[in-house]
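Take any residue in the sequence shown, count from 1 to its spot, add 456: that is its number in this note's numbering.
Structure first, commentary second.
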Amino acid sequence: MPIDVTESTFESEVLQRSQKLPVVVDFWADWCGPCKALSPALEKAEASREGKVVLAKVDVDANPQLGALFHVQGIPAVKAFRDARVVDEFVGALPPPRVEAFFDSLVPSRGDELLDAGDELSLREAAELEPRRADIAVALAKARLERGAEDEALEAVEGHDGDFAAAGIAARVRLSQAGVAIEAFEALDRGEREAALDALIEALEKPASVDGDPDLSPDDRRDLLRRAIVGILSQADPADPTARAYRRRLSDALD
Numbered sequence: 457m458p459i460d461v462t463e464s465t466f467e468s469e470v471l472q473r474s475q476k477l478p479v480v481v482d483f484w485a486d487w488c489g490p491c492k493a494l495s496p497a498l499e500k501a502e503a504s505r506e507g508k509v510v511l512a513k514v515d516v517d518a519n520p521q522l523g524a525l526f527h528v529q530g531i532p533a534v535k536a537f538r539d540a541r542v543v544d545e546f547v548g549a550l551p552p553p554r555v556e557a558f559f560d561s562l563v564p565s566r567g568d569e570l571l572d573a574g575d576e577l578s579l580r581e582a583a584e585l586e587p588r589r590a591d592i593a594v595a596l597a598k599a600r601l602e603r604g605a606e607d608e609a610l611e612a613v614e615g616h617d618g619d620f621a622a623a624g625i626a627a628r629v630r631l632s633q634a635g636v637a638i639e640a641f642e643a644l645d646r647g648e649r650e651a652a653l654d655a656l657i658e659a660l661e662k663p664a665s666v667d668g669d670p671d672l673s674p675d676d677r678r679d680l681l682r683r684a685i686v687g688i689l690s691q692a693d694p695a696d697p698t699a700r701a702y703r704r705r706l707s708d709a710l711d
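As structure tokens, this is what we get:
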């Protein structure tokens, strides 16, 4: 059920509460027809999420300072708060499917919860629930690589070629199965990212005939090494100076 919020209770009911749960605030007025039309969709969306989001209502006529503080110029105005700040909003009586999508963006999905759990069984369920999510596919592939199941890891990232991390894992499996850069991937599994990148770039710089399966063409080998390196770097902080240095080394090696 929604809670009625006033100027005196807004800090505790919305700002403080939003430190723990997202709070959706409906700025409305009794004379506003669209507000009354929107209200059932908001209440249904809150109820279906079973305590994972709070719906609060602010009567702008009775609480004009709140309306002014949050720049409410038209109603219904709906603002989502997380960590005491507005993270999303809309104005007007949206249809129920768009209201549901708005709430979905605030509340972790079942897939998110399973991804946070992190074990392979949970990740497999998450991938079944949300097969288009590359982040879940990558996490599942990594879990499978930890137990040496390369073919299963490759299966997990199939269809996610547009994601650098997923493409990197697919490249890693193909290279490993061709006997290329094995030591690099062993270092990566030990958490030695820089050693792995050094070894992969060195493999990229040396002639294709030095290692690997003769059935893997030089162009394929080069492309797979590039994808593997990019995949690792895609998961680093963009501001990380070490990652930037390796991106430059990769660019130089490809020239």
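Where a beta carbon is used, it is the ideal one built from N, C-alpha and C, also for glycine.
All figures in this text were calculated on a predicted structure; none of them were measured in a lab.
Please tell me whether residue i and residue j are closer than 8 Å, where the distance is taken between their beta carbons.
i: G624; j: G574; result: no
i: A583; j: V613; result: no
i: A651; j: A659; result: no
i: V510; j: L477; result: yes
i: K712; j: P458; result: Residue 712 is absent from the model: the chain starts at 457 and stops at 711.
i: A699; j: L672; result: no
i: A709; j: I657; result: yes
i: L577; j: A595; result: no
My understanding is that residue i touches residue j, with C-beta atoms under 8 Å, so please give their C-beta distance in whole angstroms.
i: L498; j: D482; result: 6 Å
i: D544; j: S561; result: 6 Å
i: V479; j: R473; result: 5 Å
i: A640; j: A655; result: 4 Å
i: A501; j: F546; result: Contact doesn't hold; Cβ gap of about 13 Å is too wide.
Note down the Cα distance separating residue i from residue j, rounded to an integer number of angstroms.
i: R554; j: R682; result: 41 Å
i: A485; j: A503; result: 22 Å
i: D539; j: R630; result: 44 Å
i: A518; j: T462; result: 8 Å
i: R628; j: K508; result: 39 Å
i: R588; j: E606; result: 21 Å
i: A597; j: R646; result: 16 Å
i: Q691; j: A590; result: 13 Å
i: L706; j: D679; result: 12 Å
i: R703; j: E586; result: 31 Å
i: A599; j: E611; result: 12 Å
i: K662; j: E506; result: 58 Å
i: P490; j: A549; result: 6 Å
i: P564; j: K535; result: 18 Å
i: A695; j: E556; result: 35 Å
i: R541; j: I531; result: 20 Å
i: E648; j: A684; result: 15 Å
i: E608; j: L653; result: 24 Å
i: I638; j: S632; result: 6 Å
i: F537; j: F620; result: 32 Å
i: G615; j: P697; result: 31 Å
I need the DSSP call for residue i, collapsed to helix, strand or coil.
i: A573; result: helix
i: V509; result: coil
i: E463; result: coil
i: E545; result: strand
i: A518; result: coil
i: R538; result: strand
Can you find a CB in chain D that lies within less than 8 Å of the CB of residue i?
i: I592; result: The structure shown contains no chain D; it holds only a single protein chain.
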